[in-house]
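Chains as they are written, first to last, in this note's numbering: chain A, 1209 to 1320; chain B, 1209 to 1320.
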DNA sequence: CTATTATACATAGTACTACTATGTAAGTCA
DNA sequence: TGACTTACATAGTAGTACTATGTATAATAG
């Protein structure tokens, strides 16, 4: 289980990162995240969809409907330039915070 | 600047990490965080104190008043066993999320 | 000697947010 | 035909985080 604060901090970056690899749709993203995290991250659909809508509203991703061979309708999302920019910023921020924690948690010498 | 979500995710762990090194007080913690992050993390006092109060209420830290040589009253906080447990959990969670991001961001080969 | 800045803590109130619960719809499998 | 999986959607609320503001004292500048 992951705390909701950590969830909030990682959801958007993670979605953008996944979409940077190529188009995907909600249900698939949930499966991907679960697999990529080895089961640590289990997103609910009700939690993901509003985030996707917000990302689209913010211009970070764009969507189109498609019907699969089996006849299921899916909403495919693709990352935009704005999304790539947000991802770059988010990545930078994440890494800078991680550096601080890493330094403090680090293999010693328990820095002052 | 750090996004508020990332702030929310890192504040408690970072405070606990700092207090694990030894006792400290609000104002000092703010300076420490700024220095440790090279200026990236600038916490306001109005943001920090409620978090400290919550941490104490949750039993993660305990406090005592002390007056410095110059005559200033300070509230010193110390980490508790509960706090050490929360820190261990938070650290584990942070690292597991970081692993996922690292794998995806990693130096290639852009894993499927 | 007084104004400003730095040190030090506190919280009311609100603006925001995140997710649970719930709903729809259709395909698959037993 | 009933249970399960795939697939998307959102109302409503429970919770939260932080800004703005307040108190008080020491140090420093002018």
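Yeah, the Cβ is synthetic: ideal placement off N, Cα and C, and Gly gets one too.
Remember, it's a predicted structure, so these values are computed and weren't measured experimentally.
Quiz item: Does DSSP put residue 1302/B in a helix, a strand or coil?
Solution: In the structure shown, residue 1302/B falls within a helical segment according to DSSP collapsed to helix, strand and coil.
Quiz prompt | Exposure of residue 1275/B, with buried meaning 16 or more beta-carbon neighbours within 10 Å | solution = exposed
Quiz item: When the Cα atoms are used, what is the spatial distance from residue 1241/B to residue 1290/B?
Solution: 22 Å
Practice problem: Please decide whether residue 1209/A counts as near chain B, where near means a Cβ-Cβ distance under 9 Å. | Solution: yes
Quiz item: Just to confirm, are residue 1211/B and residue 1210/A a CB contact at a threshold of 9 Å?
Solution: no
Practice problem: Taking residue 1258/A as the query, report the chain B residues whose CB atoms sit under 7 Å from its CB, ordered along the chain. | Solution: Below the 7 Å Cβ cutoff, chain B contributes no neighbours of residue 1258/A, its closest Cβ being approximately 14 Å away.
Quiz item: Roughly how many angstroms separate the alpha carbons of residue 1235/B and residue 1288/A, rounded to a whole number?
Solution: Distance between the alpha carbons of residue 1235/B and residue 1288/A is about 42 Å.
Exercise. Could you tell me which residues DSSP pairs with residue 1269/B in its beta bridges?
Key: 1287/B
Quiz item: Taking C-beta to C-beta, are residue 1301/A and residue 1214/B nearer than 9 Å?
Solution: yes
Quiz item: Can you tell me whether DSSP reads residue 1218/B as helix, strand or coil?
Solution: It is helical.
Quiz item: Rounded to a whole number of angstroms, what is the C-alpha to C-alpha distance between residue 1299/A and residue 1216/A?
Solution: Taking the straight line from one Cα to the other gives about 14 Å.
Practice problem: Apply the 10 Å Cβ neighbour rule to residue 1294/B and answer buried if 16 or more other Cβ atoms are within range, or exposed otherwise. | Solution: buried
Quiz prompt | CB contact below 9 Å: residue 1320/B versus chain A | solution = Model confidence at residue 1320/B stands at a pLDDT of 43, short of 50, so the residue's coordinates are unreliable; what they give is reported in the following sentence. True, the Cβ-Cβ gap to chain A drops below 9 Å.
Quiz prompt | Interface flag, residue 1305/A vs chain B, CB-CB below 9 Å | solution = yes
Quiz item: Does the region 1218-1234 of chain B come within contact of the region 1262-1273 of chain B, defined as at least 3 CB pairs closer than 8 Å?
Solution: yes
Quiz item: How is the alpha helix (DSSP H) around residue 1244/A delimited, first residue to last?
Solution: Note, residue 1244/A: alpha helix (DSSP H), 1234-1244.
Quiz item: Around the C-beta of residue 1261/B, are 16 or more other C-beta atoms found within 10 angstroms, so that it is buried, or is it exposed?
Solution: It counts as exposed.
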